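Numbering (my numbering), first residue to last: 41 to 537. Glycine included, C-beta positions come from ideal geometry on N, C-alpha and C. Remember, predicted model here, so these are calculated numbers, not experimental data. Report on the following structure.
The structure is reproduced here in structure tokens:
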């Protein structure tokens with residue numbers, strides 16, 4: 041080992057001696073941390089055999105960055121954020137980036153933009169007429185047509201309201217193929233750049249200096265997408281890496297754990313066309329190492345990852361559920377709750393893995409959403425009580441911004457009407473007070489994500505406003521001020537309508 045480092049940069053300092061890092065934080069500052077280990081010698085593909093006392097045998101394969109492909113494959117999708125913040129100078133940057141992409145890819149790239157039903161294909165001529173406006177609704181990016189024929193994606197955006205969770209969702213929904221971010225932003229959030237590395241990479245394009253390097257950066261991204269590397273295990277099985285990914289980017293590595301029976305196995309790495317890039321042979325049983333007790337669980341996890349990357353049929357869902365339950369692993373279909381034995385015996389049919397595969401995830405998701413909604417309504421009641429107490433003590437009603445209806449919670453805290461800032465159950469919860477701004481105007485607090493506190497029986501936020509006398513066709517509020525974070529909220533849906 042030559043050196044080690046931790047991303048995001050500056051999160052911790054190396055120890056004075058040896059290859060050690062100490063991270064001391066009251067809570068995890070980011071969802072993901074990336075440990076980089078730089079070796080003194082060049083990394084090469086390597087296979088190591090492990091064998092247990094019961095003759096159970098596994099291969100651990102380590103595959104570093106592969107050679108870049110000689111040709112650019114068709115099927116690259118350029119997905120363009122068309123929100124309001126992508127206009128002006130960013131619109132010019134989009135044009136420069138697309139021109140560079142065309143020069144690199146020739147005719148091998150297609151353009152997609154979001155609409156109400158998801159992403160849709162547009163021609164160059166159609167895109168030239170598209171105006172950038174409104175907030176970014178990242179939910180509309182989750183569905184893309186014909187993703188099976190895509191080789192990979194380049195997402196052009198300024199990253200406004202984009203979260204690491206969004207990137208992970210896109211990767212799953214778009215067929216688990218490489219995604220590169222082209223970020224038109226001066227400051228890239230470290231957590232976003234880190235998440236992009238896990239599924240592809242990140243290119244910053246904001247300054248003139250970055251424009252000078254743009255062609256080289258895009259060429260590297262397109263080469264990585266065109267590589268399309270796949271691994272074939274013994275018995276010609278395919279697999280998703282346990283860690284890392286097969287890539288042509290310097291420093292990238294992929295790790296596979298492979299259960300085998302004998303000592304004559306080969307691992308083949310191929311590209312999209314099925315051409316062999318590299319073949320790895322195992323060292324033979326005579327060179328096997330003693331198997332550590334934690335190793336057998338790794339191929340199970342790898343098998344789950346591989347199955348989750350395929351089209352989800354009932355048979356695959358049952359296999360994933362069975363592997364998760366028998367090995368105590370969390371999957372797309374399993375979560376772990378404490379169930380008394382007598383309850384499990386009484387409801388054995390309901391706890392059947394096939395049953396759980398069909399129903400567990402929607403129920404857990406619905407319960408979580410309901411719990412967060414109730415927590416949000418509780419926050420609104422706290423705010424309403426604080427404003428009422430303020431109005432009782434003050435001859436002037438509690439002030440809110442007349443344009444945005446923002447609630448100035450700092451003023452409530454300074455007056456001891458609130459103890460501290462409200463803790464939001466969702467990152468995109470955004471509390472406002474309107475229409476009209478004050479309780480004196482027969483108004484109420486509302487959340488851009490969950491609506492009004494006293495309108496739980498009302499279907500939409502639009503109906504709530506109309507119920508209070510608002511005219512949706514002459515509502516004198518600058519709707520752009522109601523942009524919220526990370527989700528298509530009821531208010532945004534009304535604005536779009």
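Residue i in three-state terms, based on DSSP
i, result
"residue 447", "strand"
"residue 457", "coil"
"residue 176", "coil"
"residue 84", "coil"
"residue 427", "helix"
"residue 477", "At residue 477 the pLDDT is 38, less than 50, meaning the model places this residue with poor confidence; the figure from the coordinates comes in the next sentence. Correct three-state label for residue 477: coil."
"residue 362", "helix"
"residue 422", "helix"
"residue 373", "coil"
"residue 368", "coil"
"residue 75", "strand"
"residue 159", "strand"
"residue 205", "helix"
"residue 357", "helix"
"residue 398", "Because residue 398 sits at a pLDDT of 44, beneath the cut-off of 50, its placement in the model cannot be relied upon, and the following sentence gives the value as read from the coordinates. Three-state result, residue 398: helix."
"residue 411", "helix"
"residue 279", "coil"
"residue 439", "coil"
"residue 416", "helix"
"residue 154", "strand"
Contacting residues, own chain, Cβ-Cβ under 6 Å from residue i (five flanking each side not counted)
i, result
"residue 339", "297, 299"
"residue 280", "345, 346, 349"
"residue 167", "151"
"residue 97", "91, 300"
N- and C-terminal bounds of the alpha helix (DSSP H) containing residue i
i, result
"residue 44", "Taken as a continuous stretch (DSSP letters only), residue 44 belongs to no alpha helix (DSSP H), being part of the beta strand (DSSP E) at 43-47."
"residue 215", "Per DSSP, residue 215 belongs to no alpha helix (DSSP H) and is neither H nor E."
"residue 339", "337-348"
"residue 231", "230-239"
"residue 165", "164-168"
Straight-line Cα distance separating residue j from residue i
i, j, result
"residue 214", "residue 182", "8 Å"
"residue 91", "residue 304", "14 Å"
"residue 440", "residue 452", "11 Å"
"residue 62", "residue 150", "46 Å"
"residue 421", "residue 462", "11 Å"
"residue 207", "residue 93", "43 Å"
"residue 287", "residue 366", "33 Å"
"residue 416", "residue 460", "16 Å"
"residue 487", "residue 448", "14 Å"
"residue 247", "residue 227", "11 Å"
"residue 255", "residue 196", "15 Å"
"residue 212", "residue 313", "23 Å"
"residue 52", "residue 46", "7 Å"
"residue 371", "residue 282", "14 Å"
"residue 238", "residue 450", "39 Å"
"residue 327", "residue 95", "14 Å"
"residue 295", "residue 285", "8 Å"
Bounding residues of the beta strand (DSSP E) (the contiguous stretch that carries residue i)
i, result
"residue 142", "Run containing residue 142: none in the beta strand (DSSP E); it sits in the alpha helix (DSSP H), 129-145."
"residue 486", "484-487"
"residue 293", "293-300"
"residue 257", "Run containing residue 257: none in the beta strand (DSSP E); it sits in the alpha helix (DSSP H), 254-267."
"residue 321", "316-321"
"residue 98", "97-104"
"residue 118", "116-120"
Closest Cα partner of residue i within the set the options
i, options, result
"residue 315", "61, 110, 46, 100", "110"
"residue 198", "129, 76, 240, 454", "129"
"residue 114", "411, 268, 332, 209", "268"
"residue 169", "195, 131, 285", "131"
"residue 201", "191, 225, 186", "225"
"residue 490", "448, 210, 320, 419", "419"
"residue 334", "125, 100, 180", "100"
"residue 309", "106, 239, 135", "106"
"residue 86", "79, 75, 103", "103"
"residue 83", "46, 108, 291, 95", "291"
"residue 321", "137, 485, 272, 46", "272"
"residue 274", "49, 244, 319, 236", "319"
Nonlocal neighbours in the same chain, by C-beta distance under 8 Å from residue i, ignoring five residues either side
i, result
"residue 112", "144, 145, 146, 148, 262, 263, 266"
"residue 356", "347, 350"
"residue 152", "117, 118, 119, 120, 159, 160, 161, 162, 184"
"residue 229", "199"
Cβ neighbours of residue i in the same chain (closer than 7 Å, five flanking residues each side left out)
i, result
"residue 446", "440, 472"
"residue 77", "41, 44"
"residue 412", "465, 466"
"residue 430", "438, 452, 455, 457"
"residue 259", "144"
"residue 478", "Because residue 478 sits at a pLDDT of 36, beneath the cut-off of 50, its placement in the model cannot be relied upon, and the following sentence gives the value as read from the coordinates. So the qualifying residues of the chain are 437, 438, 440."
"residue 176", "121, 123, 200, 201"
Residue i beta carbon near the ligand FAD (any heavy atom closer than 7 Å)
i, result
"residue 120", "Inclusion of the ligand FAD in the displayed structure is not the case, the ligand content being empty and no account of it being possible."
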